[in-house]
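Residue numbers (the numbering used here): -10 to 336.
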């Protein structure tokens, strides 16, 4: 009987000792940083709906974790089996299996940032998109033709010009330009919300007209305090049937025709394009750039001023006038005299 008890104790100690030993080994394996790939960086895609076995196999085959047993042990230890999230993950250093599981459970997918400044056209945004390695500019331009994204807001839109909100976006690796379009338009919708749309309606403007006006404001001034004044000038001109005569619309027309070289000449003011507001009355056919929130707000809440004119002071600011005589004096002072003096200094 005593021998049987001793045998039982020995077996128990052996099993427990083996389990402890195995546990220690697995603890070391799941907490030991590992890197089984030679590349500088490696991307692993976790498909939507993938099970833990499929994910473990992908990570093992890529050399992110040592083996599937280690991955399963890390899952057990972290309790994250049901928390793993789909997406593309970037690995560029040795990581413990526990850290790998935690990264995927957090949904720490790899993203790259791209910034579109205010006042950019689709063509200009496309150049940024290509220059930063996200894909060909042509793909961006083609994707920006999907007007179904804003059909409910602006059934007159020919492209997404004006509706791609200027901001910094974090894009998952390999994301399609169509996904970026959806994100940018959604951001526009969030900014140009119900309150701003109602303000536009109160001024008798459609979303199309409000965004078009905001794009002019965006291109005319970078001064926050001037935006409501510029919006007022253009709305005042509209009310009396006066031409917009906005230089940025001429630039946009020339850009669309591939004829803009950085300068506007007198003859360009007669360039035949519906976007040329020197030649055609009213607002241009659509937005000429993507306005930021301050310009959108200014378009639907213009200043209560009688101004019909403004001219640059050549320092980034403008001087405004209600009459043509006053405007001509401002032109003489801030343009004619200024450049005449500048020419003398250069001689």
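We put the CB at the ideal spot given by N, CA and C, even for glycine.
Range of the contiguous alpha helix (DSSP H) that encloses residue i
i	result
residue 60	57 to 67
residue 316	313 to 320
residue 226	216 to 229
residue 293	Per DSSP, residue 293 belongs to no alpha helix (DSSP H) and is neither H nor E.
residue 45	41 to 51
residue 148	Residue 148 -> no alpha helix (DSSP H), and no H or E assigned at all.
residue 200	196 to 209
residue 338	It is not possible to answer for residue 338, since the shown part of the chain is limited to -10 through 336.
residue 128	126 to 132
Sequence-distant residues of its chain with Cβ nearer than 8 Å to residue i (five each side left out)
i	result
residue 10	Since pLDDT at residue 10 reaches only 49, below the 50 mark, its modelled position is unreliable, and the value read off the structure follows with that caveat. Hits under 8 Å: none found.
residue 56	49
residue 213	283
residue 328	none
residue 81	29, 30 and 31
residue 189	195, 196, 198, 199, 288 and 289
residue 321	none
Where the beta strand (DSSP E) through residue i begins and ends
i	result
residue 241	It is not in any beta strand (DSSP E) - residue 241 instead sits in the alpha helix (DSSP H) that spans 236 to 245.
residue 103	100 to 104
residue 181	Residue 181 -> no beta strand (DSSP E), and no H or E assigned at all.
residue 112	Where residue 112 is concerned, there is no enclosing beta strand (DSSP E), although the alpha helix (DSSP H) it sits in stretches over 111 to 120.
residue 310	307 to 310
residue 80	76 to 80
Pick from the options that is closest to residue i, judged by C-alpha positions
i	options	result
residue 79	176, 266 and 30	30
residue 156	137, 180 and 147	180
residue 113	82, 279 and 98	279
residue 259	281, 194 and 235	235
residue 111	173, 218 and 223	173
residue 77	229, 164 and 61	164
residue 229	296, 218, 135 and 139	296
residue 193	291, 126 and 162	291
residue 226	33, 73 and 294	294
residue 115	109, 126 and 108	126
residue 149	218, 136 and 261	136
residue 145	251, 237 and 198	198
residue 304	210, 160 and 43	210
residue 183	20, 168, 94 and 286	286
residue 314	298, 176 and 33	298
residue 306	218, 272 and 175	218
residue 162	312, 33, 316 and 94	33
Alpha-carbon spacing of residue i relative to residue j, whole angstroms
i	j	result
residue 16	residue 123	41 Å
residue 151	residue 132	14 Å
residue 200	residue 96	36 Å
residue 255	residue 276	23 Å
residue 142	residue 196	6 Å
residue 267	residue 239	8 Å
residue 88	residue 38	21 Å
residue 91	residue 47	16 Å
residue 187	residue 178	13 Å
residue 147	residue 274	9 Å
residue 61	residue 85	13 Å
residue 27	residue 120	28 Å
residue 118	residue 246	22 Å
residue 71	residue 281	41 Å
residue 68	residue 134	46 Å
residue 45	residue 73	11 Å
Close beta carbons around residue i, own chain, < 6 Å, minus the five adjacent residues each side
i	result
residue 284	203, 206, 207 and 216
residue 323	300 and 302
residue 243	249
residue 25	52
Whole-angstrom C-beta distance between residue j and residue i, which should lie under 8 Å
i	j	result
residue 75	residue 36	6 Å
residue 270	residue 220	Incorrect: roughly 18 Å between the Cβ atoms, too far for contact.
residue 64	residue 41	6 Å
residue 129	residue 166	5 Å
residue 154	residue 103	Not really, about 13 Å apart at Cβ, beyond 8 Å.
residue 138	residue 171	6 Å
residue 185	residue 100	No, residue 185 and residue 100 are not in contact; Cβ-Cβ is about 29 Å, not under 8 Å.
residue 19	residue 66	6 Å
Contact set for residue i: own chain, Cβ-Cβ below 7 Å, skip 5 residues either direction
i	result
residue 319	300, 308 and 310
residue 83	22, 23 and 24
residue 223	202, 205 and 233
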